[in-house]
Amino acid sequence: MKNTQQITRAMKFVAAARLRRAQEAAIAARPYAKELARMLRSIMSRIAEPQHPLLVRRSEERILALVLTGERGLAGAFNANILRKAQDFFRANKGKKISTIPVGKKGRDALRKAGFNLIAEYVNVLARVDFGTAREIASLVTDLYAKEEIDSVYIVFSEFKTVMTPNLVVTKLLPVEGVQTDDESAVESTGSQVDYIYEQPVEQLLGKLLPRYIETQVLRAMLESSAAEHAARMTAMESATKNAGDVIEALTLHMNKVRQAAITKEIIEIVSGASYGA
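Right, dumping it as structure tokens:
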């Protein structure tokens, strides 16, 4: 148990160090995603009928779900909670054709075992999140949607809020409907929008910004999921270290009682033998 406690304590420190880097990356990605969404919303609000393949709405009969889980276990209920959230989403869309793209080894194994159709899989990509991987995933889903092979794309992940309170999210990625931003979107919608002058035609603007928006959303989800996983692992290892300490304390107390009983028994036998010999 002492060896186990040393291992869990070391894993807690490693997870804490990785959490700091992952948290900084996730927080740093939020302003860019926010400003890009605000610009895209501003453009779309000034177009009477925006035309782009990623804006076309169809009846959702073929759904693609991106499920972001962890690469390894020992993170408490992190992976189980995400998979449970994904299962709830699948049950809510029962009767429709559902395809998945798991990001993370745990989700890949669980979804494959459950018999889902895996269009692609990405493992060992969340330990060090790379924009190239996010761009590859975004390019795959946008191509499938533009070719009308799927009708909608959702992403399931754990958003990092605090170390103790993650936020499970199921958000719609495609078609691009309402571009989500923070509270100031409500302020701008009341009539305080800036009247920008764009040099490029509308088609070129949407053709560049919509794919970039999808890439940004995928990257942000990967960064948030990575930070949430490290936070869950740090919390789980801290709890395991504490529980190991409690077990060690209980075993030490039991060991002392047994040893004391053995010593007392030996003393009694010696005293009894001396008395009998006398």
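This note's numbering puts the sequence shown at residues 25 to 302.
Just so it is clear, CB atoms sit at the ideal spot from N, CA and C, and this is done for glycine as well.
In this text, all values refer to a predicted model and were calculated from it rather than measured experimentally.
- Pairing P77 with K232, the inter-Cα distance amounts to about 12 Å.
- Counting only residues of its own chain and dropping the five nearest sequence neighbours on each side, L79 has a CB closer than 7 Å to the CB of P199 and V200.
- Sequence-distant Cβ neighbours of I291 in its own chain, meaning closer than 8 Å and more than five residues away, do not exist here.
- The shortest CA-to-CA distance from A158 to any of S263, E227 and Y237 is the one to Y237.
- Assigned with DSSP and collapsed to three states, T124 falls in strand.
- DSSP places T189 in the coil class of the three-state scheme, outside both helix and strand.
- Here M188 is exposed, its C-beta having fewer than 16 other C-beta atoms within 10 Å.
- Counting the other Cβ atoms within 10 Å of the Cβ of R115 gives fewer than 16, which makes it exposed.
- Cβ contact annotation for A256 (same chain, cutoff 6 Å, sequence separation greater than five): A99, G100 and F102, in chain order.
- As the crow flies, the alpha-carbon of F181 is around 20 Å from that of P235.
- Runs of the beta strand (DSSP E) lying entirely within the segment 133-196 and spanning at least 3 residues, in chain order: 176-183.
- Following the DSSP letters along the chain, one finds V80 in no beta strand (DSSP E), marked with neither H nor E.
- When DSSP reads this structure, L277 sits in no beta bridge, so it has no partner.
- Boundaries of the alpha helix (DSSP H) around L43: K26 to S69.
- Non-local C-beta neighbours of L168 in its own chain, meaning closer than 6 Å and more than five positions away in sequence, comprise I174, ordered along the chain.
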